[in-house]
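Let me begin by presenting the structure, written as structure tokens, before commenting on it.
Protein chains: 2
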Amino acid sequence: MTNPLDFQAWAAAGQSRIEAVLQKLLPAPEIAPQRLHQAMRYAVLGGGKRVRPLLAFAAGELSQADPERAALAGAAVEIIHAYSLVHDDLPCMDDDVLRRGKPTCHVEFDEPTALLVGDALQSLAFQVITEFKLCDDAAVQLEMAKLLAIASGSRGMAGGQAIDLAAVGKVLTVPELEFMHVHKTGAIIRAAALLGLKCGAPVSAGEYAYVDTFAKLIGLAFQVVDDVLDVDASSATLGKTAGKDAEQGKPTYVSAMGLSRAKAFAEELRLEAMKSLDSFGERALRLRQLADFIVLRKF
Amino acid sequence: MTNPLDFQAWAAAGQSRIEAVLQKLLPAPEIAPQRLHQAMRYAVLGGGKRVRPLLAFAAGELSQADPERAALAGAAVEIIHAYSLVHDDLPCMDDDVLRRGKPTCHVEFDEPTALLVGDALQSLAFQVITEFKLCDDAAVQLEMAKLLAIASGSRGMAGGQAIDLAAVGKVLTVPELEFMHVHKTGAIIRAAALLGLKCGAPVSAGEYAYVDTFAKLIGLAFQVVDDVLDVDASSATLGKTAGKDAEQGKPTYVSAMGLSRAKAFAEELRLEAMKSLDSFGERALRLRQLADFIVLRKF
Numbered sequence: 000m001t002n003p004l005d006f007q008a009w010a011a012a013g014q015s016r017i018e019a020v021l022q023k024l025l026p027a028p029e030i031a032p033q034r035l036h037q038a039m040r041y042a043v044l045g046g047g048k049r050v051r052p053l054l055a056f057a058a059g060e061l062s063q064a065d066p067e068r069a070a071l072a073g074a075a076v077e078i079i080h081a082y083s084l085v086h087d088d089l090p091c092m093d094d095d096v097l098r099r100g101k102p103t104c105h106v107e108f109d110e111p112t113a114l115l116v117g118d119a120l121q122s123l124a125f126q127v128i129t130e131f132k133l134c135d136d137a138a139v140q141l142e143m144a145k146l147l148a149i150a151s152g153s154r155g156m157a158g159g160q161a162i163d164l165a166a167v168g169k170v171l172t173v174p175e176l177e178f179m180h181v182h183k184t185g186a187i188i189r190a191a192a193l194l195g196l197k198c199g200a201p202v203s204a205g206e207y208a209y210v211d212t213f214a215k216l217i218g219l220a221f222q223v224v225d226d227v228l229d230v231d232a233s234s235a236t237l238g239k240t241a242g243k244d245a246e247q248g249k250p251t252y253v254s255a256m257g258l259s260r261a262k263a264f265a266e267e268l269r270l271e272a273m274k275s276l277d278s279f280g281e282r283a284l285r286l287r288q289l290a291d292f293i294v295l296r297k298f
Numbered sequence: 000m001t002n003p004l005d006f007q008a009w010a011a012a013g014q015s016r017i018e019a020v021l022q023k024l025l026p027a028p029e030i031a032p033q034r035l036h037q038a039m040r041y042a043v044l045g046g047g048k049r050v051r052p053l054l055a056f057a058a059g060e061l062s063q064a065d066p067e068r069a070a071l072a073g074a075a076v077e078i079i080h081a082y083s084l085v086h087d088d089l090p091c092m093d094d095d096v097l098r099r100g101k102p103t104c105h106v107e108f109d110e111p112t113a114l115l116v117g118d119a120l121q122s123l124a125f126q127v128i129t130e131f132k133l134c135d136d137a138a139v140q141l142e143m144a145k146l147l148a149i150a151s152g153s154r155g156m157a158g159g160q161a162i163d164l165a166a167v168g169k170v171l172t173v174p175e176l177e178f179m180h181v182h183k184t185g186a187i188i189r190a191a192a193l194l195g196l197k198c199g200a201p202v203s204a205g206e207y208a209y210v211d212t213f214a215k216l217i218g219l220a221f222q223v224v225d226d227v228l229d230v231d232a233s234s235a236t237l238g239k240t241a242g243k244d245a246e247q248g249k250p251t252y253v254s255a256m257g258l259s260r261a262k263a264f265a266e267e268l269r270l271e272a273m274k275s276l277d278s279f280g281e282r283a284l285r286l287r288q289l290a291d292f293i294v295l296r297k298f
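Sequence lines, in order, name chains A and B. First residue of the first sequence? That's 0 in numbering that gives the first Met the number 0, and the numbers climb one at a time after it. First residue of the second sequence? That's 0 in numbering that gives the first Met the number 0, and the numbers climb one at a time after it.
Here is the structure:
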């Protein structure tokens, strides 16, 4: 049932598709202002596992979504994600120089350009989610755009960043950590799954809630795994600077519960996420495989 | 016909209305993350002439738009404008300490918070433009959100900023200056007028184009006046640091054509803008008065 080769082929096809869509959505490098467009493309293209778009594809399979529509919804989320990385890496935030194995945007270009790259990418994400027909019902598509806006904003991703900033140097409890990550990374991961789902036929409120729960748990697992990898893996494996969390005094699941307990917690979250998919049967195959991919990726 | 007292009362009522709407749209300061929400409110509330929302109201009068809808559309544009000011003032951009007579956001709070304030405000603007019913036709409202996204992005405001950055220390011709400003400030001013118009009954393509032309010319005039005031007025009058343009080696209409020619150019633009409203007759009263307000405000 869960033939890993099959999943790898599916994921590779999805990654290729999303890369092609992003290539087309991003303004061409020769269009003015050229340097900004070159930097936007640098920040988005040719890197990342594209987990969020894959979640949009996989959730879209539950509602028979047209994969072209799910790709555009996933691309909008991926563009939001890319903008957040560019701004996170800025000197006034994490001050990081390496991302996806390449110099960060402000290192490769310059700081004001990186600031504008993030700003313009966020606008582009909302252009994508409103410009193309992603759903037969325009009113539902407006809800999709609103969902992305809330997930990105002060009660979603940007708010999670603010909580993260305030937490540096502090000891957080596990519930406090969860609150931070549900916002910082979880909101956008949930948006990816829910937007993919909404590209297709309407689903029941119950089914919608199951997918939301799944995405919430997987989003959290994703962060726990990230914290584990920051301790456990090398910069070369990560494609970003390893050990930064401890160095910057950031509270992590590893600092809150220790390495082996954090690994076990990721596994618990994965199993709980799987349970929320029970009612979908075979239709949720790709979501299950993605959960495995996210949690089991490196250890 | 153009009784100035009457306009002042209309503008004051519009400013009060938009302030009340912004108060409600911005997350309350006691909602977590509190500091971010406090900083967002600091950046948006209690300042500015609200020219963009007033344009949305005035254009909405041409299409019998419900003023509540025009207020929300205007608020979305004002929130985009406010975010752009917060990011422009950052140390890596204009490095300004005074805005609307108050310390800039990164001075009053801190730099990472100001970065996130801008990011979260942009998300909020797209939440506003998609969350409330601004138009009877959801498909048209999707177009409105798309219009705001394009106006904000790399081929609009953010792109104009990038052109501005690249121009520091250079001598620009008047057409080059125009290209920069049509993007940097013009795109959002046009969006304000067009979104206000779209809140009401559908208008002909010709009428839409007239309003667009008007807004484009007034947006340019607004910038020329800004350049003039940067030379001609004190910091106290401006509520921001005067003389910064020359100090930072920024090309302006004053540096390109001299002070008196720049003043005359603003007046030419105003008259040309007025002409584009001829076919609307009395319905365009407020737009005409706004044009006067924008161009004649201080000299």
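The beta carbon of each residue, even a glycine, is placed where N, CA and C say it ideally should be. Computed from a predicted model, the values in this text were never measured in an experiment.
Using a Cβ distance threshold of 8 Å, A:Gln121 and A:Tyr82 count as a contacting pair. According to DSSP, residue pairing for B:Arg98 in a beta bridge involves B:Lys101. Assignment of A:Arg34 by DSSP, reduced to helix, strand and coil, places it in the helix class. Contact between the stretch 49-58 of chain A and the stretch 107-115 of chain A is absent: fewer than 3 CB-CB pairs across the two stretches fall below 8 Å. The beta carbon of A:Gly158 falls within 8 Å of a beta carbon belonging to chain B, placing the residue at that interface.
Taking CB atoms only, A:Leu194 has no neighbour in chain B less than 8 Å away. Below 8 Å, too few C-beta pairs join the stretch 195-207 of chain B and the stretch 247-265 of chain B to call them touching: fewer than three. By the Cβ-count criterion, B:Glu60 is buried, with 16 or more other Cβ atoms from all chains shown falling within 10 Å of its own Cβ. Here DSSP, grouped into helix, strand and coil, assigns A:Leu133 to coil. One alpha carbon belongs to B:Met256, the other to B:Leu176, and they sit about 11 Å apart. The Cβ-Cβ distance between A:Ala191 and A:Arg51 falls below 8 Å. The alpha carbon of A:His80 has as its nearest neighbour, out of A:Lys132, A:Gln140, A:Ala148, the alpha carbon of A:Ala148. Flagged as an interface residue toward chain A: B:Met39, by a C-beta distance shorter than 8 Å. The alpha carbon of A:Val224 has as its nearest neighbour, out of A:Ala214, A:Leu258, A:Ala245, A:Leu194, the alpha carbon of A:Leu258. In this structure, the CA atom of B:Arg16 is about 28 Å from the CA atom of B:Ala208. In this structure, B:Ala161 is the residue among B:Gly195, B:Gly185, B:Ala161 with its C-alpha nearest to the C-alpha of A:Ile30.
Apart from the 5 residues on each side of it in sequence, B:His86 sits with its Cβ closer than 6 Å to the Cβ of Gly117 in its chain, given in chain order.
Residues Val167, Gly168 of the same chain have their beta carbon placed closer than 7 Å to that of A:Gly248, with the five preceding and five following residues left out of the count. For B:Ala186, the CB contacts under 6 Å within the same chain, skipping 5 residues up- and downstream, are Ala150, Gly155, Met156 in chain order.
Here the C-alpha atom of B:Ala75 lies approximately 30 Å from the C-alpha atom of A:Glu67. Cβ-Cβ distances below 8 Å link B:Arg34 to Phe108, Thr112 in the same chain, with the five nearest sequence neighbours on each side left out; the list follows chain order. For the stretch 125-144 of chain A, the set of residues with a beta-carbon nearer than 7 Å to any beta-carbon of chain B comprises Phe125, Gln126, Thr129, Glu130, Ala137, Ala138, Gln140, Leu141, Ala144, in chain order. Rounded to the nearest angstrom, the Cβ distance from B:Leu114 to B:Leu89 is 7 Å, consistent with a contact under 8 Å. Taking CB atoms only, B:Cys91 has a neighbour in chain A less than 8 Å away. A:Gln140 is classed as buried because its beta carbon has at least 16 other beta carbons within 10 Å across all chains shown.
No residue range can be given for B:Gly45, since it is assigned to no alpha helix (DSSP H) and is classified by DSSP as neither H nor E. Per DSSP, the unbroken alpha helix (DSSP H) holding A:Met256 starts and ends at 252-256. Burial check for A:Lys215: the Cβ neighbour count within 10 Å reaches 16 or more, so the residue is buried. In the displayed model, A:Ser203 falls within coil according to three-state DSSP, outside both helix and strand. If you draw a straight line from the Cα of B:Ser275 to the Cα of B:Arg269, it is about 10 Å long. With a threshold of 16 other beta carbon atoms within 10 Å, B:Gln288 meets it and is buried. One alpha carbon belongs to A:Ile78, the other to A:Leu193, and they sit about 16 Å apart.
The beta carbon of B:Ala42 is closer than 6 Å to those of Ala81, Val85, Cys104, Val116 in its chain, skipping five residues each way along the sequence. When rounded, the separation of the alpha-carbon atoms in B:Pro102 and B:Val96 is 5 Å. Residue burial annotation: A:Asp93 is buried, with at least 16 other C-beta atoms found within 10 angstroms of its C-beta.
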